[in-house]
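A.B. asks: What follows is a single structure, and I will ask about it in a moment.
Numbering (UniProt numbering), first residue to last: 1 to 62.
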């Protein structure tokens, strides 16, 4: 499942860490492991979202 970049923090917090991790993996796969500046910003946003989701629900993050 690929999600587009969200502009509202509410929708980000609704996703589990596993869902965000899936999107991170898809980004790396899609780019062949090389990120341009726009993709790096997306990656950074996703990592922050993943960390937040991991803190909110540690059992689902594993």
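Heads up, the beta-carbon is just placed ideally off N, CA and C, and yes, glycines get one too.
If you draw a straight line from the alpha carbon of residue 46 to that of residue 30, how long is it in whole angstroms?
C.D. replies: Taking the first residue of the chain shown as 1, we reach residue 46 at position 46. Taking the first residue of the chain shown as 1, we reach residue 30 at position 30. Cα-Cα distance, rounded: 15 Å.
A.B. asks: Any idea if residue 23 is buried or exposed, counting beta-carbon neighbours within 10 angstroms, 16 or more meaning buried?
C.D. replies: The count along the chain shown starts at 1 and reaches residue 23 at position 23. Counting Cβ neighbours within 10 Å, residue 23 comes out buried, since at least 16 surround it.
A.B. asks: Mapping DSSP to helix, strand and coil, what is residue 38?
C.D. replies: In the chain shown, residue 38 corresponds to position 38, counting from 1. DSSP places residue 38 in helix when its eight states are reduced to three.
A.B. asks: Just checking my contact of residue 55 with residue 43 at CB under 8 Å: how many whole Å lie between their CB atoms?
C.D. replies: Position 55 of the chain shown, counted from the start, is the residue given in the question as residue 55. Position 43 of the chain shown, counted from the start, is the residue given in the question as residue 43. The Cβ separation is near 19 Å, so there is no contact.
A.B. asks: Quick one: what does DSSP say residue 15 is sitting in, helix, strand or coil?
C.D. replies: The count along the chain shown starts at 1 and reaches residue 15 at position 15. Three-state result, residue 15: coil.
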